[in-house]
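Shown next, in structure tokens, is the structure this report addresses.
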Amino acid sequence: MNGHWSSTPKGFLVAILEDDGQAEEARVALAEAGFAERDLRVYTPEQILDSWERFQTERSLAQRVAGAVTDDPATIEQYFGYARQGRSALWVHVPEEADAKRAVRGLADHQVLHFRHYGHDRQDDIHIG
59 MNGHWSSTPK
69 GFLVAILEDD
79 GQAEEARVAL
89 AEAGFAERDL
99 RVYTPEQILD
109 SWERFQTERS
119 LAQRVAGAVT
129 DDPATIEQYF
139 GYARQGRSAL
149 WVHVPEEADA
159 KRAVRGLADH
169 QVLHFRHYGH
179 DRQDDIHIG
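Just so we're aligned: 177 in this note's numbering is position 119 of the sequence shown, and the numbers increase by one with no gaps anywhere.
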């Protein structure tokens, strides 16, 4: 994991796709649209659920230490819920709002189930349709 793939995402767009194949196609589409390969990551349901187990362990430790969880539990539950249904995630590093919009447009032809944009000061769900 390099610098900008931190646990509190800032400047990321997360797209949930049907399966690994769809996520990989979406990744290729964005690479062709000019996004840098290093800014595109596909996570399989297995990888996501593996990180869920780690997250749960770390979170329970953090709760004991800090007594609180900063992340929104509903968001986390939704994300991992998709993984339990076999969905994959494509994470796109989008430093600017315009990059996020460009990525959403770049994925217009793909079967994206859900977008979430982690901006620098807020997070938004982007509903397609």
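We put the beta carbon where it would ideally sit given N, CA and C, even for glycine. It should be emphasised that the depicted structure is a prediction, and the values quoted were computed from it without experimental measurement.
Residue i, buried or exposed, once every other Cβ within 10 Å from all chains shown has been counted against 16
{"i": "Asp-167", "result": "exposed"}
{"i": "Leu-88", "result": "buried"}
{"i": "Asp-182", "result": "exposed"}
{"i": "Gly-164", "result": "buried"}
{"i": "Val-86", "result": "exposed"}
Close-in-space but distant-in-sequence residues of the same chain around residue i (CB under 8 angstroms, 5 per side omitted)
{"i": "Gln-169", "result": "Leu-75, Glu-76 and Gln-80"}
{"i": "Arg-145", "result": "Ile-74, Leu-75, Glu-76, Asp-77, Pro-103 and Leu-171"}
Sequence-distant residues of the same chain with beta carbon closer than 7 angstroms to residue i, five excluded per side
{"i": "Lys-68", "result": "Tyr-176 and His-178"}
Chain-order list of residues whose beta-carbon lies under 6 angstroms from that of residue i (same chain, five-residue window excluded)
{"i": "Arg-174", "result": "Val-72 and Asp-183"}
{"i": "Pro-153", "result": "Gly-69"}
Item to check | In chain order, each beta strand (DSSP E) run of at least 3 residues that lies wholly inside the region 100-166 | outcome: 146-151
Item to check | At least 3 beta-carbon pairs within less than 8 angstroms: the region 132-145 vs the region 98-109 | outcome: yes
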